[in-house]
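With my numbering applied, the sequence shown covers 64 to 484.
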Amino acid sequence: MNFTSNAKYEEIASLINRYHAIRQHSVNLIAELSAEDCQLQAMADVSPSKWHLAHTTWFFETFLLTQQQAQYQVFDSAFKVLFNSYYNGIGDQYSRASRGALSRPSLESVLGYRRYVDNAVLEFLNQTIHVSKEIADIIELGLNHEQQHQELMLMDIKYNFSINPLFPHYYDKNNNPVAVSQSQVSELNFVPFSQQIIDIGAAESDFSYDNERPKHQVFIQPFRFANRLITNGEYLAFMQSGGYQNPEHWLSDGWAQINKTHQTAPLYWHKINNEWFEFTLHGLQPLALAEPVTHITFYEASAYAHYCNARLPTEFEWEYAAAHTLEDQFKQSNSANSTAPVIEQLTEHCWQWTNSAYLPYPGFKPVAGVAGEYNGKFMANQMVLRGGCKFTPKNHLRLTYRNFYYPYQAWMRSGIRLAKD
64 MNFTSNAKYE EIASLINRYH AIRQHSVNLI AELSAEDCQL QAMADVSPSK
114 WHLAHTTWFF ETFLLTQQQA QYQVFDSAFK VLFNSYYNGI GDQYSRASRG
164 ALSRPSLESV LGYRRYVDNA VLEFLNQTIH VSKEIADIIE LGLNHEQQHQ
214 ELMLMDIKYN FSINPLFPHY YDKNNNPVAV SQSQVSELNF VPFSQQIIDI
264 GAAESDFSYD NERPKHQVFI QPFRFANRLI TNGEYLAFMQ SGGYQNPEHW
314 LSDGWAQINK THQTAPLYWH KINNEWFEFT LHGLQPLALA EPVTHITFYE
364 ASAYAHYCNA RLPTEFEWEY AAAHTLEDQF KQSNSANSTA PVIEQLTEHC
414 WQWTNSAYLP YPGFKPVAGV AGEYNGKFMA NQMVLRGGCK FTPKNHLRLT
464 YRNFYYPYQA WMRSGIRLAK D
């Protein structure tokens with residue numbers, strides 16, 4: 064390998080290692096699945112695992128290899144349509160709702176496609192003397208894109224398995240999680256934050272999506288931020304009080320939605336012989352009352368907040384409270400007299416609905432080129448979620464991350480954190 068310096072060698076070697084690790088993790092996620100499992104698509108919002116594996120590969124082939132290697136030969140020209148998600152600038156796309164109908168290419172062919180593209184990417188990097196910022200940015204975007212799909216794969220597998228009356232296990236049947244006890248749940252309190260002008264958004268120095276930029280200032284009124292997430296038990300009390308039957312709690316669209324779908328409980332909850340159970344990736348489990356409630360629509364989160372005489376935080380309140388809390392806790396971690404308020408479950412449990420519409424920040428500029436379709440064109444009719452969840456790769460989490468979904472959706476791992484004025 065020919066490198067201009069040790070520093071450049073280390074930089075490219077690190078990129079190669081990161082590429083290999085992230086790409087391999089996607090394949091590891093289907094290690095215990097059958098080809099039939101990887102073909103499932105139980106509704107239009109989810110995709111088969113096989114499609115995720117192919118699409119993330121198509122991303123590197125389309126945005127890196129065909130753009131940077133004149134001699135590169137595509138694996139299969141038909142894949143340009145089959146595995147294009149929504150990039151109109153690239154061309155036509157196969158119907159999202161029909162991805163489960165694609166019995167061909169086979170799972171083995173898709174895995175072969177991944178190996179083919181991976182070999183081409185790694186050969187390209189090994190032979191590259193200088194990785195330009197443009198190339199590095201595309202690879203970094205592709206790797207973060209892959210991590211997004213790793214989260215989606217688990218969310219989609221869960222939904223696809225959930226409609227099966229056998230309630231299949233994704234994880235080992237003999238390795239069920241230990242339920243959190245009620246005594247381990249902190250009392251629900253609200254941490255006060257003062258009125259001020261705050262900095263919001265990601266700095267340019269580290270990776271972030273274009274929708275997290277530019278960093279800018281926002282004025283916030285005084286607010287109080289819940290110290291933890293709402294539990295299954297607390298949400299069950301809302302249900303038992305008639306929460307789904309009381310229109311006073313619901314936004315108009317939310318009330319119309321639950322009456323249209325006849326919904327009376329969160330997605331994945333099942334009442335069997337007067338006992339509540341929840342479908343999980345460990346199969347059907349007794350409802351763990353002390354665990355955070357998950358797979359909640361924005362409408363449900365908003366209704367629950369109204370029931371509690373509270374509200375959902377704005378995304379700016381969430382980001383400030385999270386960053387401020389972590390900073391205080393870090394400062395006082397070396398102090399014997401720590402008095403920093405403890406705010407729990409900020410990340411790694413569930414994405415938390417905010418009361419903020421998904422809109423561009425002031426001065427927002429999409430990534431140049433077709434890749435600019437990644438975020439900007441979806442900035443209408445969706446709500447922002449913050450935090451992260453158990454399915455999110457740990458090194459993909461950051462406090463400025465803006466996830467977004469339609470208010471009626473719940474198959475993603477979403478939950479509730481309250482706020483008050």
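Glycine residues also receive a C-beta, built at the ideal position from the N, C-alpha and C atoms.
In this text the structure is predicted, and so the values were computed from the model without any measurement.
In the three-state scheme derived from DSSP, where H, G and I count as helix and E and B as strand, Tyr-331 is classed as coil.
The segment 190 to 205 makes no contact with the segment 135 to 151: fewer than 3 CB pairs, one atom from each, lie closer than 8 Å. Bridge pairing for Met-446: Ala-420 and Tyr-468 [DSSP]. Measuring C-alpha to C-alpha distances from Val-281 to each of Ala-364, Phe-379 and Val-248 identifies Phe-379 as the nearest. Pairing Leu-314 with Ser-365 gives a Cβ-Cβ distance under 8 Å. Unbroken alpha helix (DSSP H) stretches of 4 residues or longer found wholly inside the segment 234 to 305: 295 to 303, given in chain order.
In the three-state scheme derived from DSSP, where H, G and I count as helix and E and B as strand, Trp-339 is classed as strand.
Take the alpha-carbon of Glu-214 and the one of Leu-127: they are about 23 Å apart.
Leu-188: member of the alpha helix (DSSP H) spanning 170 to 190, first to last residue.
Put simply, of Gln-132, Gln-210, Glu-341 and Arg-162 the residue whose alpha carbon is nearest the alpha carbon of Ile-226 is Glu-341. In this structure the segment 117 to 127 touches the segment 176 to 185; the number of beta carbon pairs closer than 8 Å is three or more.
Annotated three-state conformation of Lys-113 is helix, per DSSP. Here the alpha carbon of Gln-131 sits roughly 42 Å from the alpha carbon of Thr-360.
Between Val-356 and Tyr-222, the gap from beta carbon to beta carbon reaches 8 Å or more. Shown here, Ser-477 sits in a strand according to DSSP, grouped into three states.
Residue environment analysis places Glu-311 among the exposed positions, since fewer than 16 neighbouring C-beta atoms fall within 10 angstroms of its C-beta. The three-state reading of DSSP puts Pro-231 in coil, since its state is none of H, G, I, E or B. The beta carbons of Leu-330 and Trp-339 sit about 13 Å from each other, so the pair does not count as a contact at 8 Å. In terms of CA proximity to Leu-481, Tyr-298 leads the group Tyr-298, Ala-420 and Ala-265. Note: Trp-414 is bridge-paired with Ser-477 in the DSSP secondary-structure output.
A Cβ-Cβ contact shorter than 8 Å links Tyr-233 with Phe-224.
Non-local C-beta neighbours of Asn-274 in its own chain, meaning closer than 6 Å and more than five positions away in sequence, comprise Asn-438 and Arg-465, ordered along the chain.
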